[in-house]
Amino acid sequence: MSLLPKSRKARRRLAAVAIAAPILAAAAVLAFYALGDSVSFFYSPSQAKAAGVPAGRTIELGGLVATGSLRKTADGGIAFLVADHRDQDPVSYKGELPDLFREGQGVVAKGSFRPDGVFEASEILAKHDERYMPAELVKALKASGEWRGQGQTAAMAQ
Amino acid sequence: MTAEFGSFALILAFALSLAQLGLSVGGRWRGSAALSGAGEGAATGAFICTAVAFAALMYAFVTSDFSVANVAENSHSAKPLFYKITGVWGSHEGSMLLWCLALTGYGAVLALAGGSLPARLKASAVAVQGGLGVLFLGYTVFASNPLMRVVSPPVEGHSLNPLLQDPFLAIHPPFLYSGYVGMSVVFSLALAALIEGRVDAAWARWVRPWALAAWSLLTIGIMLGSFWSYYVLGWGGWWSWDPVENASFMPWLAATALLHSATVTEKRGALAGWTVFLGLVAFTFSMLGAFLVRSGVLTSVHAFAIDPARGILLLGILGFAAGVGFVVFAWRAPSLAPGGLFAPISREGALVLNNLFLAAATVAILFGTLFPLIRQALSGDAVSVGPPYFNRTFAPLMAAVLLLLPIAPLMPWKRADLKGALQRLWVAAGLAVATAALSFALARPGQAVTALGLALGVWLIAGTLTELVERARGGGAHAGEVWRRLRQLPRGAWGMSLAHIGLGLFILGAAMETSGRVEAAKVLGLGESMDAAGYHLTLGHVGDVDGANYTAQRATLAVTRNGSAVCQAAPERRFYPASQQTTSRVTICVRGLSDLYMVLGEPRTGPAGQPAWLFRVYWNPWVRLIWLGPLLMAIGGGVSLSDRRLRFGLPRRAAAAPAAVPEPAE
Numbered sequence: 046m047s048l049l050p051k052s053r054k055a056r057r058r059l060a061a062v063a064i065a066a067p068i069l070a071a072a073a074v075l076a077f078y079a080l081g082d083s084v085s086f087f088y089s090p091s092q093a094k095a096a097g098v099p100a101g102r103t104i105e106l107g108g109l110v111a112t113g114s115l116r117k118t119a120d121g122g123i124a125f126l127v128a129d130h131r132d133q134d135p136v137s138y139k140g141e142l143p144d145l146f147r148e149g150q151g152v153v154a155k156g157s158f159r160p161d162g163v164f165e166a167s168e169i170l171a172k173h174d175e176r177y178m179p180a181e182l183v184k185a186l187k188a189s190g191e192w193r194g195q196g197q198t199a200a201m202a203q
Numbered sequence: 000m001t002a003e004f005g006s007f008a009l010i011l012a013f014a015l016s017l018a019q020l021g022l023s024v025g026g027r028w029r030g031s032a033a034l035s036g037a038g039e040g041a042a043t044g045a046f047i048c049t050a051v052a053f054a055a056l057m058y059a060f061v062t063s064d065f066s067v068a069n070v071a072e073n074s075h076s077a078k079p080l081f082y083k084i085t086g087v088w089g090s091h092e093g094s095m096l097l098w099c100l101a102l103t104g105y106g107a108v109l110a111l112a113g114g115s116l117p118a119r120l121k122a123s124a125v126a127v128q129g130g131l132g133v134l135f136l137g138y139t140v141f142a143s144n145p146l147m148r149v150v151s152p153p154v155e156g157h158s159l160n161p162l163l164q165d166p167f168l169a170i171h172p173p174f175l176y177s178g179y180v181g182m183s184v185v186f187s188l189a190l191a192a193l194i195e196g197r198v199d200a201a202w203a204r205w206v207r208p209w210a211l212a213a214w215s216l217l218t219i220g221i222m223l224g225s226f227w228s229y230y231v232l233g234w235g236g237w238w239s240w241d242p243v244e245n246a247s248f249m250p251w252l253a254a255t256a257l258l259h260s261a262t263v264t265e266k267r268g269a270l271a272g273w274t275v276f277l278g279l280v281a282f283t284f285s286m287l288g289a290f291l292v293r294s295g296v297l298t299s300v301h302a303f304a305i306d307p308a309r310g311i312l313l314l315g316i317l318g319f320a321a322g323v324g325f326v327v328f329a330w331r332a333p334s335l336a337p338g339g340l341f342a343p344i345s346r347e348g349a350l351v352l353n354n355l356f357l358a359a360a361t362v363a364i365l366f367g368t369l370f371p372l373i374r375q376a377l378s379g380d381a382v383s384v385g386p387p388y389f390n391r392t393f394a395p396l397m398a399a400v401l402l403l404l405p406i407a408p409l410m411p412w413k414r415a416d417l418k419g420a421l422q423r424l425w426v427a428a429g430l431a432v433a434t435a436a437l438s439f440a441l442a443r444p445g446q447a448v449t450a451l452g453l454a455l456g457v458w459l460i461a462g463t464l465t466e467l468v469e470r471a472r473g474g475g476a477h478a479g480e481v482w483r484r485l486r487q488l489p490r491g492a493w494g495m496s497l498a499h500i501g502l503g504l505f506i507l508g509a510a511m512e513t514s515g516r517v518e519a520a521k522v523l524g525l526g527e528s529m530d531a532a533g534y535h536l537t538l539g540h541v542g543d544v545d546g547a548n549y550t551a552q553r554a555t556l557a558v559t560r561n562g563s564a565v566c567q568a569a570p571e572r573r574f575y576p577a578s579q580q581t582t583s584r585v586t587i588c589v590r591g592l593s594d595l596y597m598v599l600g601e602p603r604t605g606p607a608g609q610p611a612w613l614f615r616v617y618w619n620p621w622v623r624l625i626w627l628g629p630l631l632m633a634i635g636g637g638v639s640l641s642d643r644r645l646r647f648g649l650p651r652r653a654a655a656a657p658a659a660v661p662e663p664a665e
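Residue numbers (this note's numbering), protein chains in the order written: chain Z, 46 to 203; chain W, 0 to 665.
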């Protein structure tokens, strides 16, 4: 009992801290625990090659949809090449494409590489604005010399 | 001419905001009613001028004046009138002007209707609001003028992004912005109270209506945005923890915490510093949202009107305004008078716990939203944080809040008897446990999270109803008497109950939709059919349709269930030639609270070479509750706002007293 502060006010304050601290600590632990497998890394094809991304790890692959590479597969899926200046990766995807998906336009695909090197996308990121490019994609394209300014997507799509 | 006139009005609004700041500071300093009055006049003038500039821009859009750069980039002469008008806020510049309109509008209401505020507090608040006006109008005038002309006007405009040409999205920004910017008044009042060095029950009572109004508008704004993404984006999702969604959710959470802590400050004079802090935080999150949405620093599916260079400016404004706020807080908060004492087990205690959990949840979302930036700065890796992070951090913290929620209103102020409160909730608890058991065993076998979600929803609704009835029943009155007393309960009590029931409905909807969603996709030729969630869809025909500014393919589907007709669906796939974009227009068959959601996909070729189309069908059980719940919450906010005790302009008992007398506990 002697360890506790004497004044009523200080005791109340101690009680408040005693209640608040575990809640905040629990929230922090929860956050770091949940962060572990929710974070996915972004690579362009050449970055993915350089980093040696192992098959099966979920990443985001971004680049431009190579013009003329889009084709529909027999099983109802689609296949296309995602390219930056130096490299390109085949991507296979089953499901509906976002409305703004086009050849020559920037794309971000979420998924993982198969052992045979084909990127199996589980999600193609949709966007609302045809002028919008994800910041990572802009950076990756700039790094590989593919970037031609903000207007490029509209120009290439015509 | 109109555009120049509008530009002039905008610059005048900026000058008037400067005057508002200067005159109000002078009025406060000298204690001069004349100077303060002039400052209030300037606030009204700034609003009128901003409104004129806004009207000028709207006129340019309606008349398709493509010599105005913003109109040329975001409008098209073939666009329907409604979307010409809403195109005004479809761009970076226009949306910032809408922001300024709301900001000066709130400033004018504060100046005109804040009659019951003490003169010095009011002058300080009007000054801070003027300072915010200077920052944002200055930004609009110097860096993002929507009324700039182009040297050689194009014949035709680029048109508004077709996805934004939708009635729900058209009204979503005005609600969202009135909510975001409504927090600015709370910010101004908080800063003013810090400058005056007095935060008491009376102050909390002045802040609450503003916070309530802003919170209700923000609730509607977020709900409309969610509904829009649900039926426009064509994948049937209503929330994806996207940075832009989080940006609107964080101020909402802060405002929710503020509403609850302000109640404690109002009734008991306690938590004054914390309430002020939340007032500053809420608007800081609003500004952070404006920055995140427009700067493009985070990858978002909703990113819009991106401009990294001007994003830095917005960050500067955010840093300056929030910086001033928090520095003043750090300097003055220690001198605030400590409030009333309370036992840990009391309504205050419960509300403190509510605030702790809400704050922890907000910080968790903030951390997850900004983590890609932190990581980028530290290691240069480009990463994104997925929805699982948010689900795992936010859901448990919210579950704790929901568990506590029905208990708090049953506890008296100062000191409460937890056992007594829990005893009165045994019916609600029983219903919740029964729901969980039924769901776990029968409806959704083995899905613990769904069972827990449904139980929490029932617990919330039943608990809130219990509290209402308990309050009316008093010492055991009969049914007719209870009804009479229920009708006489203060509006504030009804508002709180409606909002809590709305939250419960939302939880029920979210739990059912997330776990019970059924997806089906099939390529159909004419006359072929598919099945989804017990519904049978037959493709009748596919034809071409011409819209005002698009061409479309429209499929006609007959939907039946057990042989009887349910509805005729006509999903479309639209092509907008002006912007070379394709969008899907989904058809939703509303079945009670649930939706059968149908999307026409791209044309395919059938196995025998005949034309065929990809159809995707979603069955979303109880999904309507996801929007009806928040709507009820906003209505609850409105009902609370109409409470006599909060009405603007009424003399208040505590206003005259030097140290506010806390109201007796109810």
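Note that the Cβ used here is the ideal one computed from N, Cα and C, for glycine as well.
Asked: Sequence-distant residues of its chain with Cβ nearer than 7 Å to W/A192 (five each side left out); Found: L120, V198, W202 and V275
Asked: Host alpha helix (DSSP H) of W/V356 (start-end); Found: It should be pointed out that residue 356 of chain W corresponds to Phe in this sequence rather than to Val. First-last of the alpha helix (DSSP H) with W/F356: R346 to S378.
Asked: Limits of the unbroken alpha helix (DSSP H) element including W/Q128; Found: A118 to A142
Asked: W/R483: first and last residue of the uninterrupted alpha helix (DSSP H) it sits in; Found: A478 to Q487
Asked: Within-7 Å CB hit, Z/I169 to chain W; Found: no
Asked: Cα-Cα separation, W/L401 to Z/V74; Found: 21 Å
Asked: Coarse secondary structure for Z/P143, derived from DSSP in three states; Found: coil
Asked: Chain-ordered neighbours of W/A577 on chain A, where CB pairs are closer than 8 Å; Found: The structure shown contains no chain A; its protein chains are Z and W.
Asked: Within 7 Å, strictly: CB atoms of W/I364 and W/M529; Found: no
Asked: Stretch pair the stretch 554-570 of chain W + the stretch 133-145 of chain W: three plus CB contacts closer than 8 Å; Found: no
Asked: Contact under 7 Å by Cβ, W/R689 with W/S514; Found: The structure shown does not extend to residue 689 of chain W, since chain W spans only 0 to 665, so no value can be given for it.
Asked: Minimum Cβ-Cβ distance from Z/Q197 to chain W less than 7 Å; Found: Low confidence applies to Z/Q197: its pLDDT is 37, below 50, so where it sits in the model is not reliable enough to give any reading.
Asked: Neighbour flag for Z/I68 against chain W, beta carbons, 7 Å; Found: yes
Asked: Proximal chain W residues relative to Z/E105, where beta-carbon distance stays under 7 Å; Found: S383
Asked: Host alpha helix (DSSP H) of W/L291 (start-end); Found: A271 to S294
Asked: Below-7 Å beta-carbon distance, W/Y388 vs any chain Z residue; Found: yes
Asked: Z/M201 in three-state terms, based on DSSP; Found: With a pLDDT of 31 at Z/M201, under the threshold of 50, the modelled position of this residue cannot be trusted; read the value that follows with caution. It is helical.
Asked: Where Z/K54 falls: helix, strand or coil (DSSP); Found: helix
Asked: Euclidean distance between Cα positions of W/T434 and W/W425; Found: 14 Å
Asked: Closer than 8 Å at the beta carbon, the chain W residues around Z/E165; Found: Near Z/E165 there are no residues of chain W at all, since even the closest Cβ is about 17 Å away, more than 8 Å.
Asked: Other residues of its chain near W/S158: CB distance less than 6 Å, five sequence neighbours each side excluded; Found: H75, A577 and S578
Asked: Cβ pair count under 8 Å reaching 3, the stretch 371-385 of chain W against the stretch 210-229 of chain W; Found: no
Asked: Rounded straight-line distance, which links the Cα of W/G196 to that of W/S334; Found: 7 Å
Asked: Exposure label - Z/D129; buried when at least 16 CB within 10 Å; Found: buried
Asked: Whole-angstrom distance between Z/A154 and W/P395, CA atom to CA atom; Found: 30 Å
Asked: Among W/L102, W/A122, W/R207 and W/G156, nearest to W/L175 - alpha-carbon criterion; Found: W/L102
Asked: Secondary structure of W/R603, DSSP reduced to three states; Found: strand
Asked: Alpha carbon of W/L525 to alpha carbon of Z/G162, nearest angstrom; Found: 39 Å
Asked: Enclosing alpha helix (DSSP H) for W/M249 [first to last residue]; Found: P242 to R267
Asked: Proximity winner among W/L56, W/V541 and W/V61, relative to W/L97 (alpha-carbon distances); Found: W/L56
Asked: Chain W contact for Z/A208 (CB, 7 Å cutoff); Found: Examination of residue 208 of chain Z is not possible in this model, given that chain Z is present from 46 through 203 alone.
Asked: Start-to-end residues for the alpha helix (DSSP H) that takes in Z/P90; Found: P90 to A96
Asked: Partners in chain Z for W/T368, counting only beta-carbon separations shorter than 7 Å; Found: Those do not exist, as W/T368 stays about 12 Å from chain Z at its closest Cβ, beyond 7 Å.
Asked: Among W/D306, W/E3, W/R516 and W/D545, the one whose alpha carbon lies nearest that of W/G533; Found: W/R516
Asked: Distance CB(Z/L80)-CB(W/Y388) smaller than 7 Å; Found: yes
Asked: Distance, W/S239 Cα to W/E665 Cα; Found: The predicted position of W/E665 is uncertain, since its pLDDT is 36 and thus under 50; a value taken from the coordinates is nonetheless stated next. Their backbone Cα atoms lie some 41 Å apart in a straight line.
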